[in-house]
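S.K.: As you go down the protein sequences, you meet chains A, B, C and D in turn.
Its first residue numbered 1, the first sequence is counted upward by one per residue in the working numbering.
Its first residue numbered 1, the second sequence is counted upward by one per residue in the working numbering.
Its first residue numbered 1, the third sequence is counted upward by one per residue in the working numbering.
Its first residue numbered 1, the fourth sequence is counted upward by one per residue in the working numbering.
There are 4 protein chains.
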Amino acid sequence: MRIGFIGLGRMGTGMASNLIKAGHEVTVYNRSPEKAAPLVALGAKSAEHLADACRGDAVVTMLADDPAVESVVFGEGGIEATLAPGALHISCSTISVDLSRRLAKAHAQASQSYVAAPVFGRPDAAAAAKLFVVACGAPDAVEIASPLLDAIGQRTFVMSEQPEAANLVKLSGNFLIGSVIESLGEAMALVGKGGVDLQAYLEFLTSTLFSAPIYRTYGSLIVEGRFEPGFAAPLAHKDIRLALAAAHELRAPMPVASLLNDRFLTLLAQGGENLDWSAIGSLAAQDAGQKAGA
Amino acid sequence: MRIGFIGLGRMGTGMASNLIKAGHEVTVYNRSPEKAAPLVALGAKSAEHLADACRGDAVVTMLADDPAVESVVFGEGGIEATLAPGALHISCSTISVDLSRRLAKAHAQASQSYVAAPVFGRPDAAAAAKLFVVACGAPDAVEIASPLLDAIGQRTFVMSEQPEAANLVKLSGNFLIGSVIESLGEAMALVGKGGVDLQAYLEFLTSTLFSAPIYRTYGSLIVEGRFEPGFAAPLAHKDIRLALAAAHELRAPMPVASLLNDRFLTLLAQGGENLDWSAIGSLAAQDAGQKAGA
Amino acid sequence: MRIGFIGLGRMGTGMASNLIKAGHEVTVYNRSPEKAAPLVALGAKSAEHLADACRGDAVVTMLADDPAVESVVFGEGGIEATLAPGALHISCSTISVDLSRRLAKAHAQASQSYVAAPVFGRPDAAAAAKLFVVACGAPDAVEIASPLLDAIGQRTFVMSEQPEAANLVKLSGNFLIGSVIESLGEAMALVGKGGVDLQAYLEFLTSTLFSAPIYRTYGSLIVEGRFEPGFAAPLAHKDIRLALAAAHELRAPMPVASLLNDRFLTLLAQGGENLDWSAIGSLAAQDAGQKAGA
Amino acid sequence: MRIGFIGLGRMGTGMASNLIKAGHEVTVYNRSPEKAAPLVALGAKSAEHLADACRGDAVVTMLADDPAVESVVFGEGGIEATLAPGALHISCSTISVDLSRRLAKAHAQASQSYVAAPVFGRPDAAAAAKLFVVACGAPDAVEIASPLLDAIGQRTFVMSEQPEAANLVKLSGNFLIGSVIESLGEAMALVGKGGVDLQAYLEFLTSTLFSAPIYRTYGSLIVEGRFEPGFAAPLAHKDIRLALAAAHELRAPMPVASLLNDRFLTLLAQGGENLDWSAIGSLAAQDAGQKAGA
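1) Compare the C-beta of A/M254 against all C-beta atoms of chain B and say whether one is closer than 7 Å.
2) Which residues of chain A have a Cβ atom closer than 8 Å to the Cβ of D/A187, listed in chain order?
3) Can at least three beta-carbon pairs, one atom from the stretch 263-276 of chain A and one from the stretch 25-43 of chain B, be found at a separation below 8 Å?
4) Nearest by alpha-carbon distance to D/H49: which of D/G77, D/H24, D/D57, D/V60 is it?
5) Is any beta-carbon of chain B found at less than 7 Å from that of A/A294?
6) In or out: D/A36 buried (at least 16 other Cβ within 10 Å) or exposed?
7) Within a Cβ cutoff of 7 Å, which residues of the same chain sit near D/G121, ignoring the five residues on either side of it in sequence?
8) Note down, in chain order, every chain B residue with its Cβ under 8 Å from the Cβ of D/D262.
9) Inspect the CB distances between the stretch 246-254 of chain D and the stretch 188-201 of chain C and report whether three or more fall short of 8 Å.
10) When you compare the CB of B/F231 with every CB in chain A, is at least one pair closer than 7 Å?
11) Going by C-alpha distance, which of B/A166, B/A126, B/I79 is nearest B/D57?
12) Write down the C-beta distance between B/E182 and B/R263 rounded to the nearest angstrom, noting that I regard them as a contact closer than 8 Å.
13) Applying the criterion that 16 or more other CB atoms from any shown protein chain within 10 Å of the CB defines a buried residue, is C/Q199 buried or exposed?
14) Relative to chain D, which residues along the stretch 116-131 of chain C have a C-beta separation below 8 Å, given in chain order?
15) Helix, strand or coil for D/L184? Go by DSSP, reduced to three states.
16) Name the chain D residues whose beta carbon is nearer than 7 Å to that of B/L168?
17) Tell me the rounded alpha-carbon separation between D/T156 and D/A128.
18) Return yes when at least one heavy atom of the ligand ATP lies under 6 Å from the C-beta of A/G289, else no.
19) Closer than 9 Å, Cβ to any Cβ of chain C: which residues of the stretch 9-22 of chain D, in chain order?
20) With a 10 Å radius around its C-beta and 16 neighbouring C-beta atoms as the bar for buried, classify B/K21 as buried or exposed.
21) Would you say A/L50 faces chain C, with C-beta separation under 7 Å as the test?
22) Quick check on the burial criterion: 16 or more other C-beta atoms within 10 angstroms. Buried or exposed for C/G23?
23) Are the stretch 204-212 of chain B and the stretch 162-177 of chain B touching, with three or more C-beta to C-beta distances below 8 Å?
24) Please state the DSSP three-state secondary structure of A/H89.
25) Check the Cβ-Cβ distances between B/T266 and every residue of chain D, and say whether any is below 7 Å.
26) Label B/K105 either buried or exposed according to how many other C-beta atoms from any shown protein chain fall within 10 Å of its C-beta, with 16 as the threshold for buried.
27) Does the stretch 146-160 of chain C touch the stretch 171-179 of chain D, meaning 3 or more C-beta pairs lie closer than 8 Å?
28) Does the beta-carbon of A/G86 have 16 or more other beta-carbons within 10 angstroms, so that it is buried, or is it exposed?
29) Just list the residues that DSSP pairs A/R101 with in beta bridges.
30) Going by DSSP, name the residue or residues bridged to A/I6.
31) Output needed in chain order: residues of the stretch 274-289 of chain B with a Cβ under 8 Å from some Cβ in chain C.
32) Alpha carbon to alpha carbon, how far is C/A110 from C/R55? Give it in angstroms, no decimals.
33) When the Cα atoms are used, what is the spatial distance from B/L83 to B/V73?
34) Using 8 Å as the cut-off, can you tell me whether the stretch 137-146 of chain D makes contact with the stretch 216-236 of chain D, which would need three or more C-beta pairs spanning the two stretches below that distance?
35) Can you give me the C-alpha to C-alpha distance between D/A135 and C/Y201, rounded to a whole angstrom?
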């Protein structure tokens, strides 16, 4: 397929390279054009203008937030104006449920297809085509998207014909990860202050009931107090806020999400702007009068 | 070894039978003596009086709560008064950090050994010798206890020479499970109200980042709204309260544990006395105006 | 002075009538023009077009929310485009800190003056000129506004030269009222379930330490379970959300405000759309398995 | 009347002196006997042994906590053993609902009368006979107690025939004060970070909707960051914990009380042992990256 790929950050670069490797004809576009070079080396074309990436069978977007996505979809020379009728927009960014709904509507009015397909995984998983993908949209659109999603991830979960459901699932997933970080932080503040060795404690947890990747990954970060991003706290905070925005719209009170929001505000107010989001897992120990990881 | 085993509930019966199968000479005692019959059939002796179970090399206790343990340890004919100097008390019950500390002191004064060895796992795991055991105490005492613990569990984690550390770890573990239930409940209230199929959602979670037994077990209970115990809400509430009591003593604020305590009060106030503790995972959906599992 | 008055809801009607009674020449404008009649009877002119209310020395706005204020300030024929250089906009609405800041900037660019002057009090206080006013802005602008504010309220508090500070104070005030409602709700759930007569309890509180109007007003509503608005729950929820938005911008975690937000979501999810906001004070009793006011 | 008075702390000394001034024949007892001297100077007798203070018509206790009250009521030479049948115990201490219930039972079995009469007010109010008293018990017992309570307070509120209801009301009152401190702390963190002068803000609040003594008293302490006790944080924390214990027994979830408990743990974990309880009102500012009172 002829594919445009917009957004060459750490995640997007890995995803685009896997589409190229899968044999697709990929035209990449990034606001800072120098990011295109490694992909051109793999066989991609580099689009000078955004519109030049929107003339194929499909365009994939992988951008940081709602405004970035809005800026490439709407307006002159954007996806909505350029993509051919019948062609497909696959939105992989973590965006609001509300924006996803507006994208669905705009594409429908332009007779274009739209699949929301946010991804789970860190940049190394993107590079290794090991992402998990949640894809929602009209069945025929999802079917067209499938080989592309198979090229970037290890498994695709199709969960609804409403595209924005995929974004809701993505936001709920980040909420669940955040709640693991907070709970581990509280448990470690408790047992750590009680004299238990935290490394041994984490080994115990992840060898028994909590043998999930998420506990190993974030547990280690908290125990070691290593908070270099990773997934920067302000971006993670944004996702918790988008989850709360969805909860507001759906009228679903989420007290743990409210707590996470307050934790992020505390972290950011105290200078944690450049830390990994797992740093909120150190706040319980701080409240308990201890240094994180101590 | 000659072992006394006190407390033949659903957990204790399985554990005692595995000690018998491992070749130990086991004398069982239970307040309601009819519980002893199946174990006698396996080769155990049944003690008429508590003291008769306390005359061997070690006595294992597996009881419901602090008062039950206090009643068999202290007072006339109890473990403290009867167990020989140098013999060992292995306390597997989920009890308070404070009581464990008092037991350690009492046994030390009586020249007895003491190991705190609470277990993780449900009755089926107890029957199958698949429990996880956390054992803390003086190294020589833990060494003597080891073959017994190996007989009842699949792995023993030794984490501190302070016996009460094991109880702290046990309570923190139940706190972590409770926090998984709460977080899943909130996430499911959100995506469920957003139209996502909850069975598919759980399948997604447990196939990807949350591939831990705990998410599968409790996620299913919440999705299906099946809340027959299992682990009865009042007992689980007791454990959260013991975690909060330890947090109080150590001065470690735990906001998620506080939330769990409020959730249990709500559940019990609304008639949930006889439900499994995973029923607190339905309260977020109830607050959101939905039926659990709907 | 020649004054335009925009927004003739229950609050605005009382305020405008007091400006007329104070001898000012008032031109009123409301989207639904029939609301103007009672004020015309008192001597006001009725503006057919918004712009006709913006040609005097000052224009006062008293509207429901941010979008309503934006719609009369910005755009063709609006306040920004019509108000003479040097003339004054007094914004009395409860709006976001962010919008107030944008209004300040827009008016400064148009060489107009701007005072943010949100008010505290219910419609009866507005009718009786008994409001409390918080006024912030450039000192000369506040000086010009003063006689007008004196005409609508019993006392004006000047707190900052930054207009948006007044809006922050207003939002914090509504947060404090909300926290009184929640705390009273919890206390009454407790003592009510303990058999204490709630009417006697409230009489005790308000005769002693809590002898403030707010406790009397909201305490009675909770005890009697009378939740006809009043101040409708969705509007109050909006204010709590604006307080949280300000807290987000300032990075000030507010756990009680987060709790209030969750309470409002619960109330609205369960059909409380048309209730007074004091109905969140019944949720603690509901969680405790009791009927409100029972 | 012939009255024993037990407990000569800062509160008790003022209360006992007012009973003497009202013409009663008062025998005082305190564990540290030197506290009796000023009252002997006013005309009291000093009891060498506890029992010597229990031989009159009534005995009033004003002690720090449950164990202190238990130690003077139960056991040899205590109130229960010594007070004559028909004589009256008036318990003014802030104790648990559970202990008050046990006292009621014990006195009934000994054919003694019992009134729970906790008081509201600081030591200066005790000295000036300006306390507020909540008195619960059998009507005839309350009637006998009335002149004594009138002598120590400005008003007595009789709210139930169940003595422990008075203790529940007292604990709920301290919870409400705590919630005012927390809410003010959050509001001040918000507006303070937004550039509002906190002294002016407090003046505004207490001149308008929040014109209650409690807002003036605690607002000033927070604004000025003066946290010398007053009412020491560990004692206040104890009262919040007793409120939560009552909430547990009654199954009434109280999320704001849970938050207050976590706040106190944070304060105490960070070295606030010797501060006034209003210091928890500085934690919101601390979380927001600011110094209290700044």
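From the three backbone atoms N, C-alpha and C, an ideal C-beta is built for every residue, glycine too.
What you are looking at is a predicted structure, and each value in this text was computed from that prediction instead of being measured.
M.R.: The short version:
1) Against chain B, the CB of A/M254 has a partner CB under 7 Å away; the residue lies at that interface.
2) Those do not exist, as D/A187 stays about 15 Å from chain A at its closest Cβ, beyond 8 Å.
3) Between the stretch 263-276 of chain A and the stretch 25-43 of chain B there are fewer than three C-beta pairs closer than 8 Å, too few to call the two in contact.
4) Closest by alpha carbon: D/G77.
5) Its pLDDT being 36, under 50, A/A294 is placed unreliably by the model, and nothing is read from it.
6) Burial call: buried.
7) Within the same chain, D/G121 has close Cβ partners K130, L131, F132.
8) Here the neighbours are P253, M254, P255, S258.
9) Short answer: they touch.
10) No, B/F231 does not count as interfacial toward chain A.
11) Measuring C-alpha to C-alpha distances from B/D57 to each of B/A166, B/A126, B/I79 identifies B/I79 as the nearest.
12) Contact holds; Cβ gap of about 6 Å.
13) It is exposed - the Cβ of C/Q199 has fewer than 16 other Cβ atoms within 10 Å.
14) Taking 8 Å as the upper bound on Cβ-Cβ separation, chain D lies near residues F120 of the stretch 116-131 of chain C.
15) Look at D/L184 here: in three-state DSSP terms it is helix.
16) Proximity of chain D to B/L168 at the Cβ level (cut-off 7 Å) is not reached, the minimal Cβ distance being about 16 Å.
17) One C-alpha to the other measures close to 15 Å.
18) This structure does not include the ligand ATP; it has no bound ligands of any sort.
19) Taking 9 Å as the Cβ-Cβ cut-off, the stretch 9-22 of chain D has no residue approaching chain C.
20) Counting Cβ neighbours within 10 Å, B/K21 comes out exposed, since fewer than 16 surround it.
21) No, no contact with chain C.
22) If you draw a 10 Å sphere on the C-beta of C/G23, you find fewer than 16 other C-beta atoms in it, and that means exposed.
23) Judged by Cβ distances under 8 Å, the stretch 204-212 of chain B makes no contact with the stretch 162-177 of chain B, as fewer than three pairs qualify.
24) In the structure shown, A/H89 sits in a strand (DSSP, three-state: E or B).
25) Residue contact with chain D for B/T266: present (Cβ-Cβ distance below 7 Å to some residue of chain D).
26) By the neighbour-count rule (16 or more Cβ atoms within 10 Å), B/K105 is not buried but exposed.
27) The way I'd put it, the stretch 171-179 of chain D doesn't touch the stretch 146-160 of chain C; fewer than three beta-carbon pairs between them come closer than 8 Å.
28) With fewer than 16 other Cβ atoms inside 10 Å of its own Cβ, A/G86 counts as exposed.
29) Looking at the DSSP assignment, A/R101 forms no beta bridge with any residue, so it has no partner.
30) Looking at the DSSP output, A/I6 sits in a beta bridge with A/Y29, A/T61.
31) Contact annotation: in the stretch 274-289 of chain B, residues whose CB is within less than 8 Å of a CB in chain C are D287, A288, G289.
32) Roughly 14 Å separates the two Cα atoms.
33) Approximately 10 Å between the Cα atoms of the pair.
34) Proximity of the stretch 137-146 of chain D to the stretch 216-236 of chain D falls short of the contact definition, fewer than three beta-carbon pairs being nearer than 8 Å.
35) Between D/A135 and C/Y201, the C-alpha separation is close to 12 Å.
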